[in-house]
Amino acid sequence: MNDTVRGSDALAPYAAHDEQSRGRRYPEPKPAFRSEFQRDRDRIIHSNAFRRLVYKTQVFVNHEGDLYRTRITHSIEVAQIARTVALALRLNESLTEAISLAHDLGHTPFGHAGQEALNECMRPYGGFEHNLQSLRVVDELEERYAEFRGLNLTFECREGILKHCSVRNARELGEIGERFIQRRQPGLEAQISNLADEIAYNNHDVDDGLRAELIEISDLMHLRLFRRQYDSVVGQYPGLGERRLVHEVVRRMINYIATDLIQTTQSNLDEARPQSMDDVRAQPTPLAALSPTGHEEHVELMMFLREHLYRHYKVLRMTSKARRVLKALFDAFFGDVSLMPPEHRDNAVVAEKERGPEGRARAVADYIAGMTDRFAILEHRRLYDATERT
Ligand code: MG
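Listed below in structure tokens is the structure:
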């Protein structure tokens, strides 16, 4: 069914509409039974990079336990929050979902530690930005279609995937990079997905951090966002077991902040009255936003997690191991590209002919960024442990 035909739920004029899409890089016939943005979402779900997110780290390394979030469950939670908000604001649900599911496709193994390590290795060769890599995955690296490289997604979806980008890189990206040079906004579906990403990880990291016993409820009590919901749950259900208490509090925190996002964005829309997606793009600041208090509390939680969870010595030990593994992989493959499997070696040889050492480095980075946590560990062993089979 077409996204625009939903009776009284009809899309708002400022939402992404199929018929106003700036289209795909390689023109294709319209899908018969789906909207253009539903097709984008479906292509993302069927991609190799999406499946690999199962075994990529969010904060905890994949083998630490089955209950922790990985990039795939994170992406699904982002999509869930973003879709709810999109529907409430009469935005395009399918586009919001597609952007949310694709936003982390370019992530390296080992979460942010991996991203930093690869960026470090790539510094002399143009650097590595995971967000730009997500775009590279859908534009270039996926090999699924006879007629084109990549997934050939709509402009609107690609615009949403590229959340941030240095001006230097933006200059090389053509129309998709223009907004970073002109300081324009992306569509509302992209703005919502971006905030839903923060809401999702803030809240699920509280849950995962408590489960891993790296943070405690007593620490969280200093945070307004947590304290308010905690007091109301305990008041309503004294004696509730800790597991259910934590889940009930986290559930209410997500609900509280998502409601704040919907209400604040709606009032921004009422004031700005954009008549099209291009009106949204031309605004001086994003229309999707939290209220000043909501934003403050949200940032307070973010800072707390940075300090107490992401910098917990056990997490830092893991990230320092990850950094060494990625650096060693990069050094080995960049030093001798024939150590990579043939298709990646061939990519590196071609890229080096075209662009010199920068091309070679990019091909190595593509290979490493595509790895799952466990594959990276295995490759490291195969390269450096003489007793391991190659
Ligand atoms: Mg994310």
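Quick note, the numbering used here runs 662 ahead of the 1-based positions in the sequence shown.
Where a beta carbon is used, it is the ideal one built from N, C-alpha and C, also for glycine.
Spatial neighbours of residue i within its chain, please: C-beta separation below 7 angstroms, excluding the five flanking residues on both sides.
| i | result |
| --- | --- |
| V667 | For V667, the predicted structure reports a pLDDT of 48, less than 50, and the residue's modelled location is therefore unreliable. A value from the coordinates is still provided. So no residue of the chain qualifies. |
| M663 | The predicted model places M663 with a pLDDT of 45, which falls under 50 and marks its position as unreliable; any figure quoted below should be read in that light. Result list for M663: empty, nothing under 7 angstroms. |
| Y1046 | A990 |
| Q795 | G768 and A1031 |
| E809 | Y688 |
Do residue j and residue i have their beta-carbon atoms positioned less than 9 angstroms apart in this structure?
| i | j | result |
| --- | --- | --- |
| I761 | A852 | yes |
| A1039 | F995 | The identity of residue 1039 in the sequence shown is Ile, whereas the question assumes Ala. Taking 9 angstroms as the Cβ cut-off, I1039 and F995 do not qualify as a contacting pair. |
| E739 | A832 | no |
| N793 | H826 | yes |
| T927 | A951 | yes |
| Q925 | S953 | yes |
| L753 | L815 | no |
| H765 | S737 | yes |
| E818 | A944 | no |
| D1028 | L803 | yes |
| M1033 | P771 | yes |
| L757 | G849 | yes |
| P675 | S929 | no |
| V747 | L923 | yes |
| T719 | G773 | yes |
| Y717 | F1037 | yes |
| A874 | Y730 | yes |
| F699 | S683 | yes |
| I706 | L813 | yes |
Based on DSSP bridge pairs, tell me the residues matched to residue i.
| i | result |
| --- | --- |
| T719 | T732 |
| R686 | T816 |
Kindly list the residues whose CB is nearer than 6 angstroms to the CB of residue i, restricted to its own chain and excluding five residues on each side of it in sequence; keep chain order.
| i | result |
| --- | --- |
| G669 | Confidence at G669 is low in this model, with a pLDDT of 44, below 50, so its placement is unreliable and no value can be given for it. |
| A741 | E759, S762 and L763 |
| E910 | V895 |
| A779 | R985, L988 and K989 |
| Y787 | E1020 and A1023 |
| A711 | L767 and V799 |
| D702 | A760, L815, T816 and C819 |
| A1010 | V999, R1022 and A1025 |
| G871 | I877 and L971 |
| L887 | M915, E959 and L963 |
| D680 | S697 and E698 |
Which residue marks the beginning of the alpha helix (DSSP H) containing residue i, and which one marks its end?
| i | result |
| --- | --- |
| E1020 | P1019 to A1031 |
| R713 | N710 to R714 |
| P691 | Where P691 is concerned, there is no enclosing alpha helix (DSSP H), given that its DSSP letter is neither H nor E. |
| D1035 | D1035 to Y1046 |
| H1077 | This structure leaves residue 1077 out entirely; the chain is present only between 663 and 1052. |
| F699 | E698 to I707 |
| G997 | Y975 to G997 |
| N793 | H792 to R798 |
| D922 | E904 to A934 |
| A760 | E755 to A764 |
| Q853 | L850 to R873 |
| G773 | G773 to M784 |
| F842 | E840 to Q844 |
| E958 | P954 to H970 |
Which residues in the same chain have their Cβ closer than 8 angstroms to the Cβ of residue i, if we skip the five residues on either side of it in sequence?
| i | result |
| --- | --- |
| I843 | V829, A832 and R833 |
| H860 | For the record, residue 860 in the displayed sequence is Glu; it is not His. If we look at E860 and ignore the five residues flanking it on each side, its Cβ neighbours are H960 and M964. |
| Q847 | R841, Q853, V942, R943, A944, Q945, T947, P948 and L949 |
| R1044 | E1050, R1051 and T1052 |
| R889 | L882 and M883 |
| R1017 | R1024 |
Between residue i and chain C, is the shortest Cβ-Cβ distance under 9 angstroms, so that the two count as touching?
| i | result |
| --- | --- |
| A672 | The chain inventory of the structure shown lacks chain C, comprising one protein chain alone. |
Open item on the list: Just to be sure I understand the criterion: a residue counts if its Cβ is closer than 5 angstroms to at least one heavy atom of the ligand MG. Which residues meet that?
Closed with: D766 and D859
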